[in-house]
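The structure under discussion appears below in the form of structure tokens.
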């Protein structure tokens, strides 16, 4: 009986550890919960694992002025920051967000912000809802940069969350439990 009780307690503590949001997430998204997660692969190689954290209002789209969220990427391999910026720019082009001039300005911003990453490192973006929407970037839970540009924030998160994304399976996995709470 003791073993059964210990197994039950251990399974609940493991679940709680997995489901608990990182501290920086709760700073941007009060009452955060994991909406979904999935892997991004390229020609069979795992590039990163993505997690979407939402609050009680769920994910209402990056155009929402009331529902903040955090998208975190845990890299499965080392990557050059400039290449991460260029890949993000290319995805913005493919899904057709922003004007060509905006995308070039955003590329410059991302090249300035995104660091080189090693396997296991995490870059997260927190969508800042409200009167002046934007995005706050984190590297391993520490603030990297703030970008006070709502158009950039919406375009950046559209890479993963817009219906036009080039990674529809990942989008579905991220949005699996993103509905507002009753």
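Residue numbers (the numbering used here): 1026 to 1207.
Glycine is no exception: its CB is placed at the ideal position from the N, C-alpha and C atoms.
Do you know offhand how far residue 1072's Cα is from residue 1173's? Taking the first residue of the chain shown as 1, we reach residue 1072 at position 47. Taking the first residue of the chain shown as 1, we reach residue 1173 at position 148. In a straight line, the C-alpha of residue 1072 is about 28 Å away from that of residue 1173.
Would you kindly work out how many angstroms separate the C-alpha atoms of residue 1099 and residue 1075, rounded to a whole number? The residue given as residue 1099 occupies position 74 in the chain shown. The residue given as residue 1075 occupies position 50 in the chain shown. Cα to Cα, the separation comes out at about 6 Å.
Are residue 1163 and residue 1154 closer than 8 Å when you measure CB to CB? For this step, residue 1163 is matched to residue 138 along the chain shown. For this step, residue 1154 is matched to residue 129 along the chain shown. No, Cβ-Cβ distance for residue 1163 and residue 1154 is not below 8 Å.
Rounding to the nearest angstrom, what Cα-Cα distance links residue 1115 and residue 1121 in this structure? As a working note, residue 1115 is residue 90 in the chain shown. As a working note, residue 1121 is residue 96 in the chain shown. So the alpha carbons of these two residues sit roughly 10 Å apart.
Here's the rule: buried if 16 or more other CB atoms are within 10 angstroms of the residue's CB, otherwise exposed. What is residue 1086? Residue 1086 sits at position 61 when you count from the first residue of the chain shown. Flag for residue 1086 reads exposed.
Secondary structure of residue 1130, DSSP reduced to three states: Here the question's residue 1130 lines up with position 105 in the chain shown. Helix.
Start-to-end residues for the beta strand (DSSP E) that takes in residue 1163: Here residue 1163 refers to the residue found at position 138 of the chain shown. Run containing residue 1163: 1159 to 1164, per the beta strand (DSSP E) assignment.
Residue 1111: first and last residue of the uninterrupted alpha helix (DSSP H) it sits in: Residue 1111 sits at position 86 when you count from the first residue of the chain shown. First-last of the alpha helix (DSSP H) with residue 1111: 1106 to 1120.
Just grab the DSSP bridge partners of residue 1094 for me. Residue numbering aside, residue 1094 sits at position 69 when the chain shown is read from its first letter. 1079, 1152.
Between which two residues does the alpha helix (DSSP H) carrying residue 1175 extend? Position 150 of the chain shown holds residue 1175. Its alpha helix (DSSP H) spans residues 1175 to 1186.
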